[in-house]
Amino acid sequence: MNSSPPVVDQLAILSDPIRVRMLSVLEGRELTVSELCDVVQLPQSTVSRHLKTLADGDWVSSRRDGTSRLYTLPLEELDSPAKRLWQVVREQVSSSAAAAEDDRRLKHVLAKRRTQSEAFFSSAAGQWDRLREELFGSTSHLQALGALLDPDVVIGDLGCGTGLVSGWLGLFCDRIIAVDASKGMLAAARQNLAGQKHIQLRQGSLDKLPIESGELDVALMMLVLHHQPEPKRVLAEAARVLRQGGRLLVLDMMPHDREEYRQTMGHVWLGFSEKQITQLLHAAGFKEIRWRPIPPESKAKGPSLFVAAARRTK
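Position one of the sequence shown corresponds to residue 90 (this note's numbering), numbered consecutively onward.
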């Protein structure tokens with residue numbers, strides 16, 4: 090039976106200069122066995138044997154990354170006596186010639202990683218957008234931007250349709266009020282948003298919203314304003330339900346001549362110019378208006394889009 094204090098076992102592990110060198114290299118970073126071999130200039134069998142000893146003593150941890158395994162010194166997970174012991178040992182060996190050589194080889198190993206990554210992007214630059222879309226979808230990078238939102242904001246998705254935008258925002262925000270006048274759209278939204286209790290679905294028209302005055306921090310109108318007979322009245326209603334300083338975002342079409350949209354999709358307006366939308370927002374009590382055209386996607390067949398953002402000031 091081993092009755093020695095734990096510190097004696099730890100001292101035994103750290104008494105080997107190779108293991109100390111390996112820990113110095115692994116502090117603050119993750120390396121594969123192969124990379125560690127390149128740094129300490131020892132065969133894989135020797136490095137693997139020492140890694141097992143270190144792992145058995147809880148001096149290193151590892152995780153799988155594809156077909157590789159990455160090792161590190163989990164400094165934050167060490168108990169206080171082990172941390173203090175390591176600090177003493179590290180101070181004694183950090184200025185040695187072997188440590189300096191290991192450091193130089195480590196920089197070369199890390200530079201090799203960067204070179205491999207840079208070589209890939211240099212060769213893939215012309216097809217990177219297509220490759221990223223195949224791997225992760227065309228909107229993954231845009232969807233991630235929702236994490237910038239304060240989770241406490243109350244968002245109104247005005248004209249929510251089937252709930253696509255509400256569902257995405259629901260990943261990041263704790264309360265969303267989704268409104269639509271169409272029973273059919275709300276039925277689809279209810280199915281798509283099943284289980285997301287923090288998204289409230291309400292039926293109502295955009296010119297008479299079923300929302301209390303000042304209840305929203307942010308209001309969205311995504312491709313719905315061109316369906317509204319009285320845009321000025323709808324925007325004024327959006328201002329009513331926003332708190333003082335709340336923000337409105339309007340996504341809609343720029344002026345176009347596709348007259349058939351009136352019959353095929355019930356469009357009332359054939360888009361809005363920057364001047365038109367700015368005047369409408371001003372009249373509804375919005376300030377700090379920003380208008381930007383949206384670059385069209387290559388596969389898009391509809392009219393060009395714009396986005397306008399504004400703040401309620403009265």
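Note that beta-carbon positions come from the ideal geometry of N, C-alpha and C, so glycine has one too.
The structure displayed is predicted, hence computed values, not measured ones.
DSSP three-state assignment for residue i, whether helix, strand or coil
{"i": "Val242", "result": "coil"}
{"i": "Gln216", "result": "helix"}
{"i": "Arg322", "result": "helix"}
{"i": "Ser387", "result": "coil"}
{"i": "Val313", "result": "coil"}
{"i": "Leu234", "result": "helix"}
{"i": "Val339", "result": "strand"}
{"i": "Asp191", "result": "helix"}
{"i": "Arg347", "result": "coil"}
{"i": "Gln289", "result": "strand"}
{"i": "Arg329", "result": "helix"}
Range of the contiguous beta strand (DSSP E) that encloses residue i
{"i": "Gln99", "result": "Element bounds for Gln99: not the beta strand (DSSP E) but the alpha helix (DSSP H), 95-103."}
{"i": "Ala398", "result": "394-401"}
{"i": "Ser294", "result": "Where Ser294 is concerned, there is no enclosing beta strand (DSSP E), given that its DSSP letter is neither H nor E."}
Residue i, enclosing alpha helix (DSSP H) - first and last residue
{"i": "Ser123", "result": "122-129"}
{"i": "Ile366", "result": "363-372"}
{"i": "Ile107", "result": "106-115"}
{"i": "Ala278", "result": "272-281"}
{"i": "Arg138", "result": "133-145"}
Opposing strand residues paired with residue i [DSSP bridges]
{"i": "Lys201", "result": "None; Lys201 has no bridge partner."}
{"i": "Phe225", "result": "Beta-bridge pairing links Phe225 to no other residue."}
{"i": "Arg381", "result": "Val396"}
{"i": "Ala308", "result": "Gly245, Leu337"}
{"i": "Ser150", "result": "Thr161"}
{"i": "Lys196", "result": "Partner(s): none; Lys196 has no beta bridge."}
Whole-number beta carbon distance between residue j and residue i, since they are thought to touch under 8 angstroms
{"i": "His131", "j": "Leu162", "result": "In the sequence as presented, His is not what sits at residue 131; that position holds Leu. Leu131 to Leu162, Cβ: 17 angstroms. No contact."}
{"i": "Val432", "j": "Leu247", "result": "Here the chain has residues from 90 to 403 only, and residue 432 is not among them."}
Kindly provide the ranges of any alpha helix (DSSP H) runs that are 4 or more residues long and lie completely inside the stretch 244-270, ordered along the chain.
Fully enclosed alpha helix (DSSP H) runs of 4 or longer: 253-258.
Write down every uninterrupted run of the beta strand (DSSP E) in the stretch 156-189 whose length is 3 residues or greater and which is fully enclosed by it, in chain order.
List check, beta strand (DSSP E) in window: 157-161.
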